[in-house]
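For the sequence shown, position 50 (counting from the first letter as 1) is numbered 72 according to the numbering used here, and the numbering increases by one without interruption. Just so you know, even glycine gets a beta-carbon here, dropped at the ideal spot from N, CA and C. Being a predicted model, the structure only gives us computed values, none of them experimental.
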Amino acid sequence: MKKSGEKQINVLMVGDSLSKQGGIVTLEKYMLKHAPANVQIQHIGTAVDGSAMQKAFGFAIALVRVILVLLTKKVDIVHAHVAERGSAYRKSIVTLIAKFLFRKPVILHSNSPEFHEFYQGLSLNVRQGLLWAFSQCDRFITVSDSWRNFYVDKFGLKPEQVLVLANPIELPIQVPHRERANQINLVFLGRIGQRKGTFDLIRAFAMLPEPIRNQANLILAGDGEVDKARDLVTSYHSNISNISDRITIYDWLNPKQRDALLTKAHVFILPTYNEGLPLALLEAMGWGLPVITTPVGGIPDLIVSGKNGLLVQPGDIQQLSTAIESLIQDENLRLALGSAARECVTPLDVKSYFSFLLQIYDLVLGFQENQ
């Protein structure tokens, strides 16, 4: 039989709307941008922002589009990106329609940072219903061994069904020289809010001794609770007169703006409480940045504290502040951790991503290497 590299593969990708922000959308855009010539991907977004009624109506429209594509176009694989809450139910419906009405192979692909908490809050009947729907897929992709263990041991998928494929990054060809910096730029990118530890980060920065704090700038960029973060900074004005000069908060940055910020950064910080395998962290490592983050989700499968990053416990603001202080003061440590971080994620370059994904497509479609 032919292998996938020799045959056209038509993929219907179902996920978030490309107008939204976040890691799943970034992954979808990478897949659309870097797919090899023999892989044709059509994307349909099933999630829209708005009220419950608007979300339901948006999903109904998307489902009609999915059915029309399956009826009128050649589709070899349905590749659906799934997360917690509404996404889990929407992708269950898509999976069942594709499998039972159209007999199409289905790959479910999870980047969910909070699926375990969502799952624990469900009734037994709903858990069993989701497991039954998810178990109809041909393969289930997750981003780390720790998440694979959850989906097999806790959720109940078959071991042979669940595969690990780490998220890809667009690896910069070269990274800036960061020696002898007078001011250290500490950067956070992502959804601003409690889950990502943004407020902990602001508090940890404010705790730094004044001479140390005055050697650094904290730059945050993202969507979410941006105004709440700015209000928290303002609340420190009475005690730290120049804190607004030291902390800058931007809204969501486009890729060009993000890369410009990472170019002038010296440390990347993500003190998160729940994660899959965050793309923002991988991208920062690709830019040769030392990272301070937490051992949650797939992160401890990637980061060895003291070798290619620093790990602190979620919510431990004092430990976070101490880690920040150590990287502000120790240039040799910054440079060593940053170099090791880039080396660690080099195999995740998006140019290599499809070679692994095509192996999964091979498996699902029954293609085999010529012997």
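Expected contact under 8 Å - CB spacing of residue i and residue j to nearest Å
i	j	result
residue 293	residue 256	In fact, because the Cβ distance is near 21 Å, the residues do not count as touching under 8 Å.
residue 166	residue 188	7 Å
residue 376	residue 56	7 Å
residue 33	residue 61	6 Å
residue 190	residue 323	Actually they do not touch by this definition, with Cβ atoms about 16 Å apart.
residue 226	residue 321	Between residue 321 and residue 226 the Cβ distance is about 18 Å, and since that is not below 8 Å, they are no contact.
residue 67	residue 109	Not really, about 11 Å apart at Cβ, beyond 8 Å.
residue 300	residue 360	17 Å between Cβ atoms; not a contact.
residue 213	residue 246	4 Å
residue 272	residue 265	Incorrect: roughly 17 Å between the Cβ atoms, too far for contact.
residue 92	residue 120	7 Å
residue 262	residue 228	6 Å
residue 99	residue 386	6 Å
residue 363	residue 310	7 Å
Buried or exposed by the 16-neighbour rule on C-beta atoms within 10 Å, applied to residue i
i	result
residue 90	exposed
residue 332	buried
residue 270	exposed
residue 354	exposed
residue 23	Its pLDDT being 45, under 50, residue 23 is placed unreliably by the model, and nothing is read from it.
residue 86	exposed
residue 41	exposed
residue 125	exposed
residue 72	exposed
residue 17	An answer regarding residue 17 cannot be provided, because it is not within the stretch 23 to 393 covered by the chain.
residue 127	buried
residue 129	buried
residue 235	buried
residue 230	buried
residue 147	exposed
residue 393	Legend: pLDDT at residue 393 = 30, less than 50; position of this residue unreliable, value from coordinates given subsequently. The residue is exposed, with fewer than 16 neighbouring Cβ atoms inside 10 Å.
residue 319	buried
residue 251	buried
residue 79	exposed
residue 308	buried
residue 379	buried
residue 76	exposed
Segment limits, beta strand (DSSP E) that includes residue i
i	result
residue 68	61-69
residue 161	161-164
residue 315	313-315
residue 172	Per DSSP, residue 172 belongs to no beta strand (DSSP E) and is neither H nor E.
residue 290	289-292
residue 186	184-186
Residue i - partner residues in DSSP beta bridges
i	result
residue 101	35, 129
residue 272	243
residue 214	246
residue 333	315
residue 191	371
residue 238	206
residue 327	331
Range of the contiguous alpha helix (DSSP H) that encloses residue i
i	result
residue 207	No alpha helix (DSSP H) holds residue 207; the beta strand (DSSP E) holding it covers 206-211.
residue 354	353-367
residue 226	220-229
residue 144	Per DSSP, residue 144 belongs to no alpha helix (DSSP H) and is neither H nor E.
residue 107	No alpha helix (DSSP H) contains residue 107, which DSSP labels as neither H nor E.
residue 197	It is not in any alpha helix (DSSP H) - residue 197 carries neither H nor E in the DSSP assignment.
residue 52	45-56
residue 83	74-94
residue 281	277-286
residue 306	301-308
Beta carbon proximity, residue i to chain C, threshold 8 Å
i	result
residue 385	In the structure shown, chain C does not exist; there is a single protein chain.
heavy atom of the ligand GDP below 7 Å from residue i C-beta
i	result
residue 220	By its list of ligands, the structure shown contains no ligand whatsoever, and the ligand GDP lies outside what it can speak to.
> Hey, is the stretch 279-294 in contact with the stretch 172-180, meaning 3+ C-beta pairs nearer than 8 Å?
Replying inline: no
> Do the stretch 342-353 and the stretch 150-160 make contact, defined as three or more Cβ pairs closer than 8 Å?
Replying inline: no
> Okay, do the stretch 184-192 and the stretch 201-208 touch, 3+ Cβ pairs below 8 Å being the bar?
Replying inline: no
>> Check whether the stretch 41-49 and the stretch 214-227 are in contact - that is, three or more C-beta pairs closer than 8 Å.
In response: no
> For the stretch 134-143 against the stretch 292-306, are there 3 or more C-beta pairs whose distance is under 8 Å?
Replying inline: yes
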